[in-house]
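Okay, structure first, notes after.
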Amino acid sequence: MATAYAALVSVMHLLKRILHPSMECTVQEEEQIKSLQEKVCPLVDLLEDLSNNKRCSKFVTDELKNQIANAGHEAEDIIDSYIADTIRVLNSDSAEVESRLIELETRFCEDIKRVTETMHLIKIETEKKKMDVEKDDHQPINSSPEDALSRRAPSSDKLDVMVGFEDHLNQMMRRLATTEPKLQIIPIVGMAGIGKTTLAKNLYENRFTVETFHSRAWVSVSQAYTVREILLALLYDVQIRSNEKKQEFNEKMSEENDEELGERFYKSLFGRKYLIVIDDIWSTRPWDEVKRFFPDTCKGSRIMITTRLSNVAICFGSDNSHEIKFLHEDKSWDLFCEKVFPGESCPVELEEIGKRIATSCRGLPLAIVVIGGLLAKSSKTREYWEYVAENLNSLINSGDDDYCLKLLSLSYNDLPIHLKPCFLYMAMFPEDCEIKVSRLIKLWVAEGFLKPIKDKSLEDVAMVYLKDLIDRNLVLVSERGRTGKMKTCIIHDVLRDLCLKEAQKDYFLCVTRVHNLDNIPQGIESKRRLAIHQSTGKPNYCPQVFDALKSASNARSLVCDSEWISPWLAPSLNLLRVLDVVDKYSPQEITKLSSPRYLAFRADFTGCNLNSEFISLMFLHWNIQTFKTEDIHDVTVSMPPQIWEMTELRHLEFRTILLPDPPPESHTFYILENLQTLLYVVNFRCTEEVAKRIPNLRKLKILIEKLSSGVEWSYYCLNNLVHLHKLESLTLIMAEKVPVTNIAFPRSLKRLSLKGCGLPWKDIKVVGSLPQLELLFLQENAFEGPRWDATDGEFVRLKFLDIDNTDLMYWTAEKTHFPMLEHLGLGCPELEEIPFGLSEIPTLQIILLRGCKPSVITSARAILEERDNLVYEGLQVYNCNEEQEDWVRIEINED
């Protein structure tokens, strides 16, 4: 249902866009569009309601899902084509402009009316399905094998191998054995297949646990449960009816209602020291419904809860959670050997390829166990193991009746429908790819499947969704920035395989590799999103790939990391909305795209009239959101005046651009409310008019060249930067000194980079007074002069300070001047020493020195010694050897 939902939400965005005053719709057009809007918005709500009900898959057929998706896609295509055709007619030299416009409008209204009727019929059918669901809601839920494999306690005669989990086992045993008398809840959290249940089983059956706790009980909750099933499973274990079958026990309890069962359970635990395991919990609701039946008589009882969801674990106390992360390579190898060669060692001739297989499982115990079980029963030859290494993911998900994939599918099925398109989109990126969070967010926004949230930008909505996927342990943070902000994320190979299977099943996207010419995915002609991943560096594949993929004429998105493929393919896909490639294109090629929203490519502006080309390019692309390019010839591109009419523009990222002044007030006044990123702008004039038009700008990079004859600094109006109240990141590069009276910064800044400004150190308060500032880069005499005396009340939130290539000689500072500093970088060849007072900053973690005097290194060592005396741990100091460009760590005991 992800594809259907994504299509409808995208139509919602498009309808809102076309009703914007800047589109100047006729009365007839507006009437048809609003009629369609009245059908689409309730249908989105209906899909959300159905997806939130676990029975929805039973009622919403694949045929209905496809009808919804097809209708949404058709509506998008009609609107996109109409606007693009209208703009082209308006900008043509044809003598029949008026008649062509009438013809286009008539056809458009007819097409919209037809698709509106289709949407209406679909809405009626979907409402009927919802009514069927509501009628059936009083029926008992039948737990499927995937939803609840067992409510019973684990069998004690065959515990899973705990190789690699010794540390986890010891830590949890200490928590169970503590003398704290009050009842404690201990969540065990981690992604699917990480070993949560295995750890809980081993703890549950441990001899110490059996002897210490008077009563023990185990229940697996999973996604489908009833309070009665939970209570019956717990009661059965607590009352130790080893000679009575569970079915007989359940029949005996059939006369008692849930409350009576709960009271019986409460009485059986009262006054006893008990251990309860609630396995595979997906929300706090099951616990909320039964927690009153767990007495706390201060006997040292414990409840262990396993969950894949970090936000669920936090509800039981953030300090209580025990998180299981991926195994290190050595532990992965130990577990692999134990599964393949129990009690024996791996033959020498298989060790190298075996370690490669174990490492390829990326530390996920479930993957190691599944592939280990396969290899234990198979031919132990190097040839076969090489085959396994090359086909690892498919083999993992084919063993044991797809158990691994089914287990992981539970996480996908549990996702609310608004997160499913976001998760499936992760398959657009290659295996083991560290995905830039900023790029991912922009792509999600451009795809149109993010439903707006009041008072949040779509980028903020995307970040909320990404954090939700991370909390569910479906996406992993691979790198954080200097202030802890996410920079890159990654998805485990096994989960990516799940993404691919679900995406292909739902016709959401198509992924292929350059060399897989005999394996073009079936149904590619209907896929709206296409990803091509690099497999070889041989450009002779290009014509073959083009021939094989040219049937993908319905593609609206192309993500390609091959340098030779997309030039062959993209021209045939003129309906693309998303183009994210590493190839080079000229403006003429880009103008062939009818309605792009996201453009990221290497530009080749050689031999073209930039102004005329870009007027044509930018003006025709009414719907563009992200335009990111880097000219291979380092050309500065002049933006056309029409850029001030592009109300959908969100991110404009060029190596260097010239931005024209907005048109006079006599022209129509547009506010670029969506614009958030603008870089690099040469000789940027921040007039009051400009500041008014870009109120939500978050990131700005400016390059001011040498002043022309007769031009004053006031010409650039840099004082007006203070009016950009949403600006968070600013880079300012000056070719010559700027007077402090001609510059002012907004209080919203979190990151500031200054270069060549030549401001005196006594005026540092213009920066230090910024209340939100966390990162500060001062380069090439951004501030100049021999002395800096820091003062109180400044840099209250600064975490990162880097000063490079200045004439600073003397710097005085105390811990109160930088109370939150974590990272200090110094590339100051004239500096005599680091202020000793910085040694008392408890948050300081690292000092990096580049080309500094020996006296600076001596002062750094003194700081290390003082922190050792103060018992402040964690500070590391490194000095860069400029000749060898190596970083050498400075220790206390060095001469």
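Just so it is clear: in the sequence shown, position 515 is 515 by the UniProt record's numbering, and no numbers are missing. The beta-carbon is built from N, C-alpha and C at its ideal position, and this holds for glycine as well.
(request) Out of Tyr507, Lys380, Leu407, state which residue places its alpha-carbon closest to the alpha-carbon of Tyr425. (result) Tyr507
(request) Please report the residue range of the alpha helix (DSSP H) in which Val238 lies. (result) 227 to 238
(message) Quick check on His492: buried or exposed, where buried means 16 or more other Cβ atoms within 10 Å of its Cβ?
(response) buried
(request) Measure from the alpha carbon of Ile303 to the alpha carbon of each residue in Leu309, Asn311, Phe293, Ser310, then state which is nearest. (result) Selected option, being the one with the closest Cα: Phe293.
(message) I need the boundaries of the beta strand (DSSP E) containing His533, first residue and last residue.
(response) 529 to 533
(request) For Ala84, collect the residues of the same chain with a Cβ closer than 6 Å to its Cβ; drop the 5 residues on either side in sequence, then sort them by chain order. (result) Ser594, Ser595
(request) With distances taken Cα to Cα, identify the nearest neighbour of Glu110 among Thr198, Phe795, Ile33. (result) Ile33
(request) May I ask you to verify whether the stretch 730 to 745 touches the stretch 464 to 477, counting CB pairs closer than 8 Å and requiring at least 3? (result) no
(message) Suppose the cutoff is 8 Å on Cβ atoms and the five residues either side in sequence are ignored; what does the same chain contact list for Ser10 look like?
(response) Gly72, Glu76, Glu447, Gly448, Phe449
(message) Taking 8 Å as the threshold (beta carbon to beta carbon), is Lys527 in contact with chain C?
(response) Included in the structure is just one protein chain, with no chain C present.
(request) Could you tell me the distance, in whole angstroms, from the CA atom of Asp288 to the CA atom of Cys315? (result) 11 Å
(request) Please report how far the alpha carbon of Val682 lies from the alpha carbon of Thr636, in whole angstroms. (result) 8 Å
(message) Is it buried or exposed, Val238, if we count other Cβ atoms within 10 angstroms and call 16 or more buried?
(response) buried
(request) Have a look at Asn311 and Asp471 and give me their C-alpha separation to the nearest angstrom. (result) 6 Å
(message) Tell me the rounded alpha-carbon separation between Pro21 and Asn574.
(response) 27 Å
(request) May I have the straight-line CA-CA distance separating Ser156 from Ile490, to the nearest angstrom? (result) In this prediction, Ser156 scores a pLDDT of 41, lower than 50, which makes its location untrustworthy; the coordinate-derived value is nonetheless stated afterwards. Straight-line Cα distance between these residues: approximately 37 Å.
(message) Quick check: the Cα distance between Lys39 and Pro187, rounded to an integer number of angstroms?
(response) 44 Å
(message) Between which two residues does the beta strand (DSSP E) holding Phe654 run?
(response) In the DSSP assignment, Phe654 falls within the unbroken beta strand (DSSP E) covering 651 to 658.
(message) Could you give the first and the last residue of the continuous beta strand (DSSP E) run that contains Tyr680?
(response) 677 to 682
(request) Note down, in chain order, each residue of its chain lying with its Cβ closer than 6 Å to the Cβ of Leu261, except the 5 sequence neighbours on either side. (result) Leu231
(request) Give me the Cα-Cα distance between Lys454 and Ala462, rounded to the nearest whole angstrom. (result) 13 Å
(request) State the DSSP-derived secondary structure class of Val796, mapped to helix, strand or coil. (result) coil
(request) Assign Gly537 to one of two classes, buried (16 or more other C-beta atoms within 10 Å of its C-beta) or exposed (fewer than that). (result) Because Gly537 carries a pLDDT of 47, less than 50, the predicted location of this residue cannot be relied on, and no value is offered for it.
(request) Tell me Asn879's beta-bridge partners as DSSP assigns them. (result) Leu849, Val888
(request) Hey, could you find the ends of the beta strand (DSSP E) Lys487 is sitting in? (result) 486 to 490
(message) In whole angstroms, give me the CA-to-CA distance for Cys852 and Glu814.
(response) 21 Å
(request) State the Cα-Cα distance for the pair Asp147 and Asn206, rounded to the nearest angstrom. (result) Residue placement at Asp147 is poorly supported in this model, since its pLDDT is 38, which falls under 50; the coordinates are not used for a value here.
(request) With a threshold of 16 other CB atoms inside 10 Å of the CB of Leu90, please say whether the residue is buried or exposed. (result) exposed
(request) Using three-state DSSP, classify Ser638 as helix, strand or coil. (result) strand
(request) Closer than 8 Å by C-beta to His120: which residues in its own chain qualify, once you throw out the five before and the five after it? Chain order, please. (result) Lys39
(message) In the DSSP assignment, the alpha helix (DSSP H) including Phe249 goes from what residue to what residue?
(response) Run containing Phe249: 246 to 252, per the alpha helix (DSSP H) assignment.
(request) Just confirm the distance between the C-beta atoms of Asn720 and Thr687, as a whole number of angstroms; I'd bet it's less than 8 Å. (result) 7 Å
(message) Spatial neighbours of Arg151 within its chain, please: C-beta separation below 6 Å, excluding the five flanking residues on both sides.
(response) With a pLDDT of 46 at Arg151, under the threshold of 50, the modelled position of this residue cannot be trusted; read the value that follows with caution. Closer than 6 Å at the Cβ level, and outside the excluded window around Arg151, lie Val219, Ser220, Glu229, Ala233.
(request) Look at Arg308 and Asn473 and say whether their C-beta atoms are less than 8 Å apart. (result) It is a contact, given that the beta carbons lie within the stated cut-off.
(request) Classify Ser709 as helix, strand or coil using the three-state DSSP reduction. (result) coil
(message) Need the endpoints of the alpha helix (DSSP H) that Gly372 sits in, please.
(response) 365 to 376
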